[in-house]
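In my numbering, the protein residues as written are 9 to 202.
Note that CB positions come from ideal geometry on N, CA and C, so glycine has one too.
The structure presented is a predicted model; accordingly, all values stated were derived computationally and were not measured.
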């Protein structure tokens, strides 16, 4: 079902904060989106599958998860205004190495990978928005990796609170500990000392 951007306040605000997309290009993008309301605990992207959609989050939170030898590692959180997808599926049309699951009831707007790719070709400002969006996420991910190597667990938690304000009150603490590379016991101790 096509929607209007009036239903997408968080998404539109985030797109415009990331890059000055023209009204024409934004309308081309939003008119191709389909709204879906998803319950908590739903897997949007399954590791090992090719995902053919990109999810724009109007309301709710998702987490990206890497699975290895029966162990889950939280690699990213996405919330209102963010975009989530299977990276390998979007860029290479191959199987996703991560899963994405909803941590709250979510209102999402989806667009297929092929439609988004077509919009990249037709609207340079959408292509530039995508480029800047991915540059920004890559920067946060590389800093998070460096933080794991250089900062104490308490300093990592402080950085997390700055980068993801309010998130710690909306998700399970074990996911936060996992993302930070520390034990739930260490995270509880850090939180008690603040």
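Ordered list of alpha helix (DSSP H) runs contained in the segment 122–186, each at least 4 residues: 132–158 and 161–171
Counterpart residues of residue 75 in DSSP-defined beta bridges: 80
Close beta carbons around residue 36, own chain, < 8 Å, minus the five adjacent residues each side: 127, 130, 131 and 134
6 Å Cβ shell around residue 30 - same chain, five flanking residues per side excluded: 133
Simplified DSSP state of residue 63, which is helix, strand or coil: strand
For residue 108 and residue 61, the rounded distance between their alpha carbons: 12 Å
Option nearest residue 138 by Cα separation, candidates 152, 95 and 59: 95
Limits of the alpha helix (DSSP H) - the one that residue 98 falls within: 95–100
Cutoff 8 Å: residue 102 Cβ touching any chain C Cβ: Among the chains in the structure shown there is no chain C, since it carries only a single protein chain.
Residues bridged to residue 90 (per DSSP): In the DSSP output, where bridge partners are listed per residue, residue 90 has none listed.
Beta-bridge pairing of residue 51 - partner residues as DSSP gives them: 109
Cβ pair residue 22, residue 90 closer than 8 Å: yes
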